[in-house]
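Below: the structure, in structure tokens.
In the working numbering, the protein residues as written are 907 to 1171.
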């Protein structure tokens, strides 16, 4: 492409808009495809896309492509293109689950190394929007489910961020975490006990093509009672939500990545 001719007279906003419009149908694009669709030189596209990735407007996939980042999906309700956003779909399921189990329930996603969650309690009328959870993903059942189905480099980055935050002191052994995530990936169930004696159970929620979309979590005040009841209710709720999402309007699913298994603790 002739860079000068293509870029002449175009503002930065115009170039960025052209790149973002390439994702109006969802899916993943390579740098070359983005440059062609936006009508920009590769060098300019590379620079602007790099900026968008650094601000999480776009995400880099394991295979080197690019897709819309979670903050932009949340702004536009594009967690599932051509379908209602996750929060809307999860609302009834999460409230029903809290009512049936009598426990607090959360649904969350990973963005890309932090938990974005929403929660509800038994008897509560509804749930609010997604908020960032300061708890490291590996320190909750919900986070471990999400990590178990994430690319291995995401797990590495979560551990690296945790070591930085704790002054290079490993909060959890990387080998142990990978074993835990491996078990979670195999069983599709994460169990985590906090220091207060409570037990968290979490299961994955899948969408079209088996792509992981979110995780559901319920807390049990007493692990010695109600475990199987809550586990069964979680699996039914996740299956119901997965079915709703999988039968929504077709979606170009993002690369799932090669998660290096590991799971529940």
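Backbone N, C-alpha and C fix where the C-beta goes; we use that ideal spot for every residue, glycine too. In this text the structure is predicted, and so the values were computed from the model without any measurement.
Between the stretch 1119-1126 and the stretch 1057-1069 there are fewer than three inter-stretch CB-CB distances shorter than 8 Å, so the stretches are not counted as touching. Here residue 1044 is near residue 1078, since their CB atoms are less than 9 Å apart.
When DSSP states are grouped into helix, strand and coil, residue 960 belongs to the helix group.
Out of 1092, 1094, 1151, 1130, the CA that lies nearest to the CA of residue 1114 is found in 1151. Linking residue 1096 to residue 942 through their CA atoms gives a straight-line distance of about 43 Å.
Of all alpha-carbon atoms in 1051, 1117, 1110, the one lying nearest the alpha-carbon of residue 1086 is that of 1051. The C-beta of residue 975 has 16 or more other C-beta atoms within 10 Å across all chains shown, which makes the residue buried. Taking residue 999 as the centre and dropping the five residues before and after it, the same chain places the C-beta of 1143, 1146, 1147 closer than 7 Å to its C-beta, in chain order.
Residue 919 and residue 944 have their C-alpha atoms some 12 Å from each other. A distance below 7 Å between beta-carbons, with the five flanking residues on each side excluded, links residue 916 to no residue of its chain.
By the CB criterion at 9 Å, residue 1107 and residue 1064 fall outside the cutoff.
Annotation for residue 939: the continuous alpha helix (DSSP H) segment containing it runs 937-944.
In the structure shown, the three-state DSSP call for residue 1063 is helix. Within the DSSP bridge table, the entry for residue 1014 names 1023, 1121 as partners.
The residues 1043, 1061, 1087, in chain order, have a CB closer than 6 Å to that of residue 1053 in the same chain once the five nearest residues on each side in sequence are set aside.
Taking all protein chains shown into account, residue 953 has fewer than 16 neighbouring C-beta atoms within 10 Å of its C-beta and is therefore exposed.
Of the residues assessed, residue 1082 falls on the exposed side of the cut-off, its CB having fewer than 16 other CB atoms within 10 angstroms. For residue 1082, the uninterrupted alpha helix (DSSP H) segment begins and ends at 1080-1093. Note on geometry: alpha-carbon atoms of residue 938 and residue 963 lie some 19 Å from one another. In the same chain as residue 930, and ignoring 5 residues on each side of it, no C-beta atom comes closer than 7 Å to its own. Remark: C-beta atoms of residue 958 and residue 926 approach each other more closely than 9 Å. Taking the Cα positions, residue 1013 is about 10 Å away from residue 1109.
The beta carbon of residue 1003 sits closer than 8 Å to the beta carbons of 1011, 1122, 1124, 1139, 1140, 1143 from its chain, once the five residues preceding and following it are set aside; these are given in chain order. Using a Cβ distance threshold of 9 Å, residue 934 and residue 973 count as a contacting pair. The Cβ-Cβ distance between residue 1041 and residue 1001 does not fall below 9 Å. In the three-state reduction of the DSSP assignment, residue 1104 falls in the coil class, being assigned neither a helical nor a strand state.
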